[in-house]
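Engineer: Everything in the sequence shown is counted per numbering that gives the first Met the number 0, starting at 0 for the first residue and increasing by one.
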Amino acid sequence: MIVRSTARLARLGGVSLRRFTPGVTVQLRKNGTKNDSSYEQGKENIKNTAPIYGQKRWVYTVAGLSLLGFAIRQYYWSSKNQLPPSVAENVRKAVWHESDQGGNNYRKALQYYIMVIDELSNSNFDALSDEYTRLELKLAEMYEKLGMIQECKDVFKELLSRFYEALLTTNKVLEDKRSDLIRKDLRVLIKSLELNTDVEYGKKLLLSHLLLVQEEILTRSPELKQFFENRKSKAEEATKSSLHMPRLYDADSFEAFVNEKNIKLDENGYMILDLSKNSSAWEPYKEEFFTARDLYTAYCLSSKDIAAALSCKLTSVEWMVMADMPPGQILLSQANLGSLLYLQAEKFDSDILKLQKKIEEDAELKENPAILKALRFLHKNRDSCIKMAYKSYESIVSFYKKNTKLRFHTKDQLDPSVVQAIALSIYGLGVLNLHDGVYVKAETLLKDALSLSKDTEFVELSKEAELELKKAMSLKVQKQQQQDV
Numbered sequence: 000m001i002v003r004s005t006a007r008l009a010r011l012g013g014v015s016l017r018r019f020t021p022g023v024t025v026q027l028r029k030n031g032t033k034n035d036s037s038y039e040q041g042k043e044n045i046k047n048t049a050p051i052y053g054q055k056r057w058v059y060t061v062a063g064l065s066l067l068g069f070a071i072r073q074y075y076w077s078s079k080n081q082l083p084p085s086v087a088e089n090v091r092k093a094v095w096h097e098s099d100q101g102g103n104n105y106r107k108a109l110q111y112y113i114m115v116i117d118e119l120s121n122s123n124f125d126a127l128s129d130e131y132t133r134l135e136l137k138l139a140e141m142y143e144k145l146g147m148i149q150e151c152k153d154v155f156k157e158l159l160s161r162f163y164e165a166l167l168t169t170n171k172v173l174e175d176k177r178s179d180l181i182r183k184d185l186r187v188l189i190k191s192l193e194l195n196t197d198v199e200y201g202k203k204l205l206l207s208h209l210l211l212v213q214e215e216i217l218t219r220s221p222e223l224k225q226f227f228e229n230r231k232s233k234a235e236e237a238t239k240s241s242l243h244m245p246r247l248y249d250a251d252s253f254e255a256f257v258n259e260k261n262i263k264l265d266e267n268g269y270m271i272l273d274l275s276k277n278s279s280a281w282e283p284y285k286e287e288f289f290t291a292r293d294l295y296t297a298y299c300l301s302s303k304d305i306a307a308a309l310s311c312k313l314t315s316v317e318w319m320v321m322a323d324m325p326p327g328q329i330l331l332s333q334a335n336l337g338s339l340l341y342l343q344a345e346k347f348d349s350d351i352l353k354l355q356k357k358i359e360e361d362a363e364l365k366e367n368p369a370i371l372k373a374l375r376f377l378h379k380n381r382d383s384c385i386k387m388a389y390k391s392y393e394s395i396v397s398f399y400k401k402n403t404k405l406r407f408h409t410k411d412q413l414d415p416s417v418v419q420a421i422a423l424s425i426y427g428l429g430v431l432n433l434h435d436g437v438y439v440k441a442e443t444l445l446k447d448a449l450s451l452s453k454d455t456e457f458v459e460l461s462k463e464a465e466l467e468l469k470k471a472m473s474l475k476v477q478k479q480q481q482q483d484v
């Protein structure tokens with residue numbers, strides 16, 4: 000039986016496995032227009048605005064990029080798409096009123112932003128342009144600061160609806176502009192989810208936009224095309240070879256992606272990008288794309304859909320290698336994959352216990368072919384997930400031990416994800432050995448994880464490692480006492 004308390008393992012090592020508690024609901028309106036939206040509603044509600052409030056929310060960032068910072072870049076316009084002089088003047092007034100010099104008068108700034116949007120809308124200004132988008136995001140920011148959350152949500156859903164429709168419509172967006180619009184769509188999507196409380200809706204929203212981006216990448220990436228062809232072939236082979244005993248997870252064919260082929264180091268032991276790899280098909284939105292996939296994984300976990308979360312993460316790790324993502328992020332995703340595999344094994348174990356309880360209550364079920372087949376299925380897949388979790392963690396620890404320079408420069412790594420992935424993997428192996436009853440090895444691994452996490456100030460992991468270490472030491476003593484009797 001899997002050690003239940005170690006489910007905490009999956010909450011460590013990054014945003015993708017944390018328990019996500021969103022804020023306020025965001026809904027995508029397919030046929031929304033500016034006239035029936037937050038702009039008109041904002042004019043009516045602005046005088047009755049609630050005071051600015053403080054609310055702690057999850058804030059997701061993309062490789063150090065502030066998503067709201069994307070909205071408040073300077074408002075100098077390009078020669079291709081100049082704002083009308085009257086609009087530019089009102090923008091300056093809005094920016095001044097919201098500044099410290101203007102007394103942080105968000106209500107007054109909001110009035111000017113509404114005027115600006117209305118004027119641009121009436122003059123048929125390009126609603127997909129960066130200038131227009133930045134102004135709408137400033138509008139959303141003012142609504143949020145004033146506590147007008149519904150109006151803020153309306154701005155986001157109009158933006159997302161407009162971007163999505165434009166990208167789906169043939170010839171609506173020039174070919175050389177599509178990539179920038181996709182990146183903008185993903186950034187707004189990620190920001191909008193800070194206000195979402197409907198987990199199932201959040202999953203659907205993320206999935207629809209992610210599939211759109213995936214199709215875009217597929218048209219430009221031979222590697223991704225080959226990936227789907229290989230997946231189809233594997234699925235067909237699995238179906239043929241497992242007609243009598245289907246299985247969801249195949250530990251024998253599973254390969255971890257952390258190795259010398261995929262992760263490069265310089266002469267000083269620092270991880271570097273593989274400059275020989277062509278990842279242009281994933282540019283310029285690969286950071287946003289994988290952040291959105293991590294969000295989707297988090298939403299799946301929130302809805303207790305571990306299988307979907309695991310499927311997403313399995314694919315993400317392989318795609319991150321294709322996209323030549325920063326090595327630290329690949330390592331951490333691989334470590335998180337191990338945690339998800341462990342969670343899935345726990346789920347299978349829980350289902351096994353439920354069936355066994357039914358059999359205990361009804362002896363006739365012992366001979367029931369369907370029950371027996373279900374038990375074999377669950378046992379096989381549980382064992383596969385455990386083996387795959389081992390592989391996920393061991394690939395990182397092995398890579399760490401093989402590369403002497405990396406091993407002796409662990410604390411000097413510029414990317415904290417590298418150290419977190421190594422510490423989390425050592426901890427994960429300790430937990431797995433604890434589950435398997437190998438208490439001496441579990442104790443050693445957990446001590447190593449505790450030492451590394453303390454040295455690198457990975458506080459959350461330190462606490463978990465201490466708890467599991469106490470458990471391993473206690474169980475080791477109990478086992479020795481039983482052997483002595």
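We treat Cβ as the ideally placed atom computed from N, Cα and C, and that holds for glycine.
(1) Residues in the same chain with beta-carbon distance under 7 Å from Asp447, minus the five sequence neighbours each way, listed in chain order, please.
(2) Going by the DSSP bridge assignment, what does Tyr264 pair with across the sheet?
(3) My understanding is that Ala334 touches Ala420, with C-beta atoms under 8 Å, so please give their C-beta distance in whole angstroms.
(4) Compare the Cα-Cα distances from Lys379 to each of Thr296, Lys303, Ser394 and Ala250 and report the closest residue.
(5) Does DSSP put Lys224 in a helix, a strand or coil?
(6) So, is Gln479 buried or exposed, given that buried needs 16 or more other C-beta atoms within 10 angstroms?
(7) Express the C-alpha separation of Glu467 and Gly337 in angstroms, rounding to a whole number.
(8) Where does Leu173 fall in DSSP's three states?
(9) Since Leu300 and Leu192 should fall inside the 8 Å C-beta cutoff, what is the C-beta to C-beta distance between them, to a whole number of angstroms?
(10) With DSSP as the reference, label Gly427 as helix, strand or coil.
(11) Please state whether DSSP places Tyr163 in a helix, a strand or coil.
(12) Does the stretch 380-392 come within contact of the stretch 320-331, defined as at least 3 CB pairs closer than 8 Å?
(13) For Leu474, which residues in the same chain have their Cβ closer than 7 Å to its Cβ, ignoring the five residues on either side in sequence?
(14) Is Thr168 buried or exposed, if buried means 16 or more other CB atoms sit within 10 Å of its CB?
(15) If you run the structure through DSSP and keep just helix, strand and coil, what is Pro523?
(16) Nearest to Leu264 by CA position, among Ala308, Gln225, Val396 and Asn402, is which residue?
(17) Just how far apart, CA to CA, sit Asp350 and Lys357?
(18) Am I right that Tyr111 and Leu119 are in contact with their C-beta atoms under 8 Å? What's the rounded C-beta distance?
(19) In this structure, does DSSP put Asn229 in helix, strand or coil?
(20) Excluding the five sequence neighbours on either side, which residues of its own chain have a C-beta within less than 8 Å of the C-beta of Val320, listed in chain order?
(21) Less than 8 Å between C-beta atoms, sequence neighbours within five positions excluded: which residues of the same chain meet that for Gln481?
(22) Do Lys485 and Ser220 have their C-beta atoms within less than 9 Å of each other?
(23) With distances taken from CA atoms, which of Leu339, Lys202 and Val94 is nearest Ser310?
(24) Considering only residues of the same chain and omitting the five flanking positions on each side of Lys390, which have a CB-CB separation below 7 Å?
(25) Determine the contact status of Val396 and Leu428, defining contact as a CB-CB distance below 9 Å.
(26) If you follow the alpha helix (DSSP H) that Gly327 is part of, which residue opens it and which one closes it?
(27) Measuring straight from C-alpha to C-alpha, what distance separates Leu313 and Leu423?
(28) With distances taken Cα to Cα, identify the nearest neighbour of Asn258 among Val90, Tyr399 and Leu158.
(29) Alpha carbon to alpha carbon, how far is Glu97 from Val86? Give it in angstroms, no decimals.
(30) Which one of Val316, Lys303, Leu223 and Trp318 has the shortest CA to CA distance from Glu345?
(31) Is the stretch 222-230 touching the stretch 353-373 in the sense that three or more CB pairs, one from each, lie closer than 8 Å?
(32) Measure the alpha-carbon distance for Ile271 versus Leu158 and round it to whole angstroms.
(33) Mind checking which residues open and close the alpha helix (DSSP H) that includes Tyr200?
(34) For the alpha helix (DSSP H) containing Ala306, name the first residue and the last one.
(35) Pick helix, strand or coil for Phe256, following the three-state DSSP scheme.
Structural biologist: In short, the structure shows the following:
(1) Ile425
(2) Looking at the sequence shown, residue 264 is not Tyr but Leu. Per DSSP, Met270.
(3) 4 Å
(4) Ala250
(5) helix
(6) exposed
(7) 17 Å
(8) coil
(9) Rounded, the Cβ-Cβ distance is 14 Å, inconsistent with contact.
(10) helix
(11) helix
(12) no
(13) Tyr438
(14) exposed
(15) The structure shown does not extend to residue 523, since the chain is modelled only from 0 through 484, so no value can be given for it.
(16) Asn402
(17) 11 Å
(18) That belief does not hold up - the Cβ atoms of Tyr111 and Leu119 are roughly 13 Å apart, past 8 Å.
(19) helix
(20) Phe256, Asn261 and Ile329
(21) none
(22) Outside the modelled stretch of the chain, which goes from 0 to 484, sits residue 485, for which no answer is possible.
(23) Leu339
(24) Phe253 and Ala255
(25) yes
(26) Pro326 to Glu360
(27) 18 Å
(28) Tyr399
(29) 17 Å
(30) Lys303
(31) no
(32) 36 Å
(33) Val198 to Leu217
(34) Ile305 to Met321
(35) coil
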